[in-house]
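Reading through the structure tokens given below for one structure.
Right, here's the structure in full:
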């Protein structure tokens, strides 16, 4: 395994970093926090123009045909700038349709999703049930023209911005996934109250929503498993980037802030936690790089690799932001300072597409072959 970026990946990284620095300052992120959708059309169109929404989409469907390592590069840079908007949501919905959609569905949705003309998202979580698909209560009943969907989905990422939903629902043959347009009769979307204003979500209510037979995702379990890996690669990259950014911010602060005429960076109570965090971040970085390689190589240990990377980076992000908040003192709690934005994103990532317990259980099952 070689974790050194290729020339193409380095160019992608440089391009993404310049875009974030020029287009999405942290001041702009604060402004977008007041937007109900969490973004503007101008910003979304600018992101789409970079081609990033099609990173994983095969070239014959209009995408870039790249892999998890390239996706990780872009997700890292977006996380470093805590860029809001439905990049992850649209990437995941597009991946589900590209891998498991019927020919008619691919023709209808992929081009617009890749171009940013449409926003997509996954609707999986249900009240009290989390991400456990086996416990899905939303139903898909066969009808004359396709399926009738009924139920409720909670904490749907970017629900208010979405044009296309890929909804998990249970039928007689098991849990499947179905594509639902935002203007479908019987579908209502309401916003959730959120902790992280850069990551909006909503609740979906489906009351006898009719979808065609072409809206069904084929090979749903396999397609979802692969899409969940991609979700956790993005979450890991976002968490790693945020942790590194805040650690560097705090190191710089410790070199400038004086207390009783002495730089606080000279105090052991400040130096030691910063060193511990550096070691923690480097370990998380290794787990992340291994996971992206495992996904692209379709390694037999990919499920464990991704789960370890996800939990390690999410926990590192949480620990880093909380520790650095304390090291900053009072200024770290202010709205004008950047740290709280990352603290809230770190908390958000802890429960996105499952929590630590869910992935710890997965790791145990894979390790013990049970």
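In our numbering, the protein residues as written are 135 to 504.
Ideal Cβ placement from N, Cα and C applies to all residues, glycine included.
From a predicted model like this one, the values you see are computed outputs, not experimental measurements.
Rounded C-alpha distance that separates residue i from residue j
i: residue 428; j: residue 386; result: 35 Å
i: residue 241; j: residue 188; result: 15 Å
i: residue 367; j: residue 443; result: 8 Å
i: residue 169; j: residue 470; result: 18 Å
i: residue 279; j: residue 345; result: 8 Å
i: residue 143; j: residue 184; result: 14 Å
i: residue 216; j: residue 277; result: 43 Å
i: residue 152; j: residue 426; result: 23 Å
i: residue 492; j: residue 267; result: 12 Å
i: residue 322; j: residue 288; result: 12 Å
i: residue 150; j: residue 250; result: 17 Å
i: residue 457; j: residue 147; result: 28 Å
i: residue 420; j: residue 362; result: 20 Å
i: residue 415; j: residue 273; result: 42 Å
i: residue 248; j: residue 313; result: 16 Å
i: residue 460; j: residue 206; result: 30 Å
i: residue 227; j: residue 410; result: 38 Å
i: residue 489; j: residue 355; result: 20 Å
i: residue 261; j: residue 402; result: 46 Å
i: residue 201; j: residue 135; result: 15 Å
i: residue 406; j: residue 177; result: 40 Å
Top-ranked residue by Cα proximity to residue i, from the options
i: residue 319; options: 163, 283, 457, 273; result: 283
i: residue 453; options: 161, 432, 484, 245; result: 484
i: residue 307; options: 178, 403, 275; result: 275
i: residue 330; options: 313, 295, 218, 250; result: 218
i: residue 264; options: 410, 290, 248; result: 290
i: residue 301; options: 436, 167, 327, 259; result: 259
i: residue 496; options: 181, 286, 295, 445; result: 445
Residue i, buried or exposed, once every other Cβ within 10 Å from all chains shown has been counted against 16
i: residue 137; result: exposed
i: residue 465; result: exposed
i: residue 292; result: buried
i: residue 342; result: exposed
i: residue 378; result: buried
i: residue 179; result: exposed
i: residue 203; result: buried
i: residue 325; result: exposed
DSSP bridge partner residues for residue i (one or two, in chain order)
i: residue 312; result: 301, 350
i: residue 273; result: 284, 304
i: residue 393; result: 396
i: residue 143; result: According to DSSP, residue 143 bridges with nothing at all.
i: residue 264; result: 260
i: residue 373; result: In DSSP, residue 373 forms no bridge with anything.
i: residue 325; result: 336
i: residue 291; result: 335
Three Cβ pairs or more, each shorter than 8 Å: is that satisfied between the stretch 325 to 335 and the stretch 371 to 381?
no
Are the stretch 221 to 239 and the stretch 347 to 356 in contact at 8 Å, needing three or more beta carbon pairs?
yes
Report yes or no: do the stretch 188 to 206 and the stretch 162 to 180 share at least 3 C-beta pairs separated by less than 8 Å?
no
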